[in-house]
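Worksheet: the structure to be examined is printed underneath.
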Amino acid sequence: MAEEKEFKNLVIQGAVYKTTFTWKFENRVNWEAPNPNLIYSFIPGTIIDIFVKPKQKVKEGETLLLLEAMKMQNQVRMPFDGEIVKIHISKNEIIPKKFLMLEIKPAR
Amino acid sequence: MSLRSNILDLRKRKREVQKGGGDKAIEKQAKMGKLTARERVLALLDKNSFHEYDLFVEHSAKDFGMDSKVLHGDGVIIGTGTIYSKPVCIFAQDFTVAGGSLGLMHARKITKIMDHALKMRVPLIGINDSGGARIQEGVNSLAGYGEIFFRNTLASGVIPQISVILGPCAGGAVYSPALTDFVFVVENISKMFITGPSVIKSVLGEEISMEELGGARVHAELTGNAHFFATSELECFEQIKKLISYIPRNNGGKAMPFPPKSPKKGKKIEDIVPADARIPYDMRDIIKTITDSSEFFEVMELFAPNIIIGFGRMEGDTVGFVANQPMVLAGVLDTDSSDKAGRFIRYCDAFNIPIVTLEDLPGYLPGVDQEHAGVIRHGAKILYAYSEATVPKVTVILRKAYGGGYIAMNSRHLRADFVFAWPTAEIAVMGPEGAANIVFRKEISEAENPEEVRQQKIQEYKEKFANPYVAAAQGYIDEVIEPKETRGRILHALQVSQNKSVFLPNKKHGIPPF
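Quick look at the structure:
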């Protein structure tokens, strides 16, 4: 077949099929295991306030920052006892969804 | 006053109202590249067949200075007419009158023609071109939408309902088209969304154009909300007429028969399909060797193209085709293709259209994104739809029929009436490669040359199981046929199925996985 060069390989259960891909398939989001030490924005919005600094020790449940979205101020809390490693945002910054805001690490 | 002057007065009134929003608004409409509501209705229906009702209806709003405003026909045209000399009911929103906004009387006109359509058992065509709810009319406007949605649901499966999006269709208004059978969109003209770009920007900070958010291509390719995509309004009307020619007027009858014709002479059917199940071909070429005049009217061509659905005729009668497309994603079933086929099967079943299934698929698409997108419940739709359908159902297995895909694609076990397989068919739990790896895991891993043994075992499995004869021995397929016999076999199967009658357990309705 002359047009065979244009085909891509799709592997299903060990067999390699020659075929074409859809835009949706090519742009699908690849799964990544969530890293508990990275805090991402769950919604696009504005950083209203940041209450922590790098190297600060923080207890589980303490509010780290305020993210305003859809006219609501969302408190982003510490998921476990630990320490702030790095801050990637600044006050009044407008950030998209899934934006890396903070890096943290557990205590001990 | 003589009768003559009354007649002249009537004519004058009609002329005035038929202008809709007036010359300026009509000019604006033309500048947007759109026809007026009246032009659309006249272009779509048979010449001189349109009869209008409720021309003199006026809006009933009193607040916000509305009482001093005149809105001709309250922004919508309703009536009856014919397409191919068969009656239809139609409404067309008039964007030149208050942006086609929907108020109480506007909605009442639409529901009136919907009630007619359902009572008279004729197709309903709705042309949408509206800015949305008429804010000044408040809850009356919402009530109007609700009344429309209720009737859409009531009429579903009784009469064909066709929605044509020829302008904006935003907010709650989108749910009427979503409840209808077929949605037509036109490039650069159709816009459908629940919340528009400005709200999305102010709330979420995401910037996007109307076309990128809810344009024709988005709905035809990505969301699956639209079934037919055209580049001009006139092309769109041709598509609607073609569709009308393929479907029955209501669920009590059959589509109008056409003179039987043979498929066009072209490539031989056995020359289209490569023997190696991993090499693709265009399944549409196979359909065209089966249908009258080799004509195939594809539905949802751009959405989930790994499955093909559409109408063709065999000996003059309409047949619905569901076929895997090896050319795209190897023809796998996934969330979108299951959803697409499942709905089409239910459409055919509701309107007495026999279903021919052409099968060649490696199974369901693997992937985290698929699992998390709910491929279990979406995939179940196709099983449900085939099992529930009582119209004649014929399956032809061309090559691969593996695993869950084999069961889903109208297998005997879901009550296919006739199942045929080509000698190239491979009916098995999975392909030889995957199966050999599992069944002969030990032999392969313990061998001195694992790859050599693997290939040997794949070959062994292929010869033993990757063929149609194991399933044929169980009676799961009725006959192994030569490719060139395909059309003849399907035709005969449909002929003997003409008076098919099946009794299902009594129920109010099932609970399909949607």
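Protein chains in written order, with this note's numbering: chain E, 17 to 124; chain C, 154 to 667. Ideal Cβ positions, reconstructed from N, Cα and C, are used throughout, including at glycine. Remember, it's a predicted structure, so these values are computed and weren't measured experimentally.
**Item:** Span separating the alpha-carbon of residue 299 of chain C from that of residue 229 of chain C
**Value:** Roughly 17 Å separates the two Cα atoms.
**Request:** Taking the CB atoms as reference points, tell me whether residue 695 of chain C and residue 275 of chain C lie closer together than 7 Å.
**Result:** A question about residue 695 of chain C goes unanswered here, because the residues of chain C that appear run from 154 up to 667.
**Request:** Find out if the Cβ-Cβ distance for the pair residue 224 of chain C, residue 245 of chain C is shorter than 7 Å.
**Result:** Taking the C-beta atoms as reference points, residue 245 of chain C is found no nearer than 7 Å to residue 224 of chain C.
**Message:** Please give the ranges of any alpha helix (DSSP H) in the segment 464-533 of chain C, keeping only runs that are unbroken, at least 4 residues long and fully inside the region.
**Reply:** 488-503 and 521-525, all fully within the segment 464-533 of chain C.
**Request:** Identify the continuous alpha helix (DSSP H) that holds residue 61 of chain E and give its terminal residues.
**Result:** Where residue 61 of chain E is concerned, there is no enclosing alpha helix (DSSP H), although the beta strand (DSSP E) it sits in stretches over 61-66.
**Item:** Where residue 667 of chain C falls, given that 16 or more other Cβ within 10 Å makes a residue buried
**Value:** It counts as exposed.
**Asked** Where do the ends of the beta strand (DSSP E) carrying residue 547 of chain C lie?
**Response** Looking at the DSSP string, the run of the beta strand (DSSP E) that includes residue 547 of chain C is 546-555.
**Asked** Can you name, in chain order, every residue of its own chain whose Cβ lies under 7 Å from the Cβ of residue 414 of chain C, other than the five neighbours on each side?
**Response** If we look at residue 414 of chain C and ignore the five residues flanking it on each side, its Cβ neighbours are 445 and 446.
**Asked** I think residue 294 of chain C touches residue 257 of chain C, with their Cβ atoms under 8 Å apart; what is that distance to the nearest whole Å?
**Response** 7 Å between Cβ atoms; contact.
**Separation of residue 633 of chain C from residue 17 of chain E, as counted between CA atoms** = In this prediction, residue 17 of chain E has a pLDDT of 43, which is less than 50 and means its spatial position is unreliable; what the coordinates show is noted afterwards. Approximately 28 Å between the Cα atoms of the pair.
**Message:** Here's the rule I'm using: 16 or more other beta-carbon atoms within 10 Å means buried, otherwise exposed. How should residue 583 of chain C be labelled?
**Reply:** Buried, by the Cβ-count rule.
**Request:** Output, in sequence order along the chain, the residues in the segment 571-602 of chain C whose CB is closer than 7 Å to any CB in chain E.
**Result:** Those residues of the segment 571-602 of chain C that come within reach of chain E (Cβ to Cβ, closer than 7 Å) are 583, 584, 586, 587 and 590.
**Asked** When the Cβ atoms of the segment 590-604 of chain C are set against those of the segment 653-662 of chain C, are three or more pairs found closer than 8 Å?
**Response** No, the segment 590-604 of chain C is not in contact with the segment 653-662 of chain C.
**Message:** Quick test of the definition: if touching needs 3 or more C-beta pairs under 8 Å, does the segment 316-330 of chain C touch the segment 340-354 of chain C?
**Reply:** Three or more beta-carbon pairs separated by less than 8 Å link the segment 316-330 of chain C to the segment 340-354 of chain C, which places the two stretches in contact.
**Residues of the segment 335-358 of chain C whose Cβ lies closer than 7 Å to any Cβ of chain E, in chain order** = Of all residues in the segment 335-358 of chain C, only 356, 357 and 358 come within less than 7 Å of chain E when Cβ atoms are compared, listed by chain position.
**Message:** Could you tell me the alpha carbon to alpha carbon distance between residue 597 of chain C and residue 613 of chain C, rounded to whole angstroms?
**Reply:** Going from the Cα of residue 597 of chain C to the Cα of residue 613 of chain C covers about 13 Å.
**Asked** Going along the chain, which unbroken runs of the beta strand (DSSP E) with 3 or more residues stay wholly within the segment 367-441 of chain C?
**Response** Inside the segment 367-441 of chain C, DSSP marks whole beta strand (DSSP E) runs of 3 or more residues at positions 381-383, from first to last along the chain.
**Request:** Count the other C-beta atoms from every protein chain shown that fall within 10 angstroms of the C-beta of residue 287 of chain C, then say buried if there are 16 or more, exposed otherwise.
**Result:** With 16 or more other Cβ atoms inside 10 Å of its own Cβ, residue 287 of chain C counts as buried.
**Prompt:** Thinking C-beta only, is residue 236 of chain C closer than 7 Å to residue 394 of chain C?
**Reply:** The answer is yes: Cβ separation under 7 Å.
**Message:** Between residue 33 of chain E and chain C, is the shortest Cβ-Cβ distance under 7 Å, so that the two count as touching?
**Reply:** Closer than 7 Å to some Cβ of chain C, the Cβ of residue 33 of chain E qualifies, so yes.
**Helix, strand or coil at residue 453 of chain C according to DSSP, with G and I counted as helix** = Here residue 453 of chain C sits in coil by DSSP.
**Asked** With burial defined as no fewer than 16 other Cβ atoms inside 10 Å of the residue's Cβ, what is the status of residue 106 of chain E: buried or exposed?
**Response** Looking at its Cβ environment, which holds fewer than 16 other Cβ atoms inside 10 Å, residue 106 of chain E is exposed.
**Message:** Would residue 547 of chain C and residue 439 of chain C be called neighbours here (beta carbons separated by less than 7 Å)?
**Reply:** No, the pair does not count as a contact, with Cβ atoms beyond the cut-off.
**Request:** Could you say which of C:609, C:170, C:455 and C:465 lies nearest to residue 448 of chain C if we only look at CA atoms?
**Result:** Comparing Cα-Cα distances from residue 448 of chain C to each of C:609, C:170, C:455 and C:465, the minimum goes to C:465.
**Asked** Are at least three pairs of beta-carbons, each pair with one atom in the segment 506-525 of chain C and one in the segment 476-488 of chain C, less than 8 Å apart?
**Response** Counting Cβ pairs under 8 Å, three or more are found: they touch.
**Request:** Rounded to whole angstroms, what's the CA-CA distance from residue 227 of chain C to residue 426 of chain C? Just pull it up for me.
**Result:** Cα-Cα distance, rounded: 57 Å.
**According to DSSP, residues forming a beta bridge with residue 235 of chain C** = Answer by DSSP bridge pairing, in chain order: C:240.
**Message:** Residues in the same chain with beta-carbon distance under 7 Å from residue 108 of chain E, minus the five sequence neighbours each way, listed in chain order, please.
**Reply:** Excluding residues within five positions, the ones whose Cβ falls inside 7 Å are 62 and 63.
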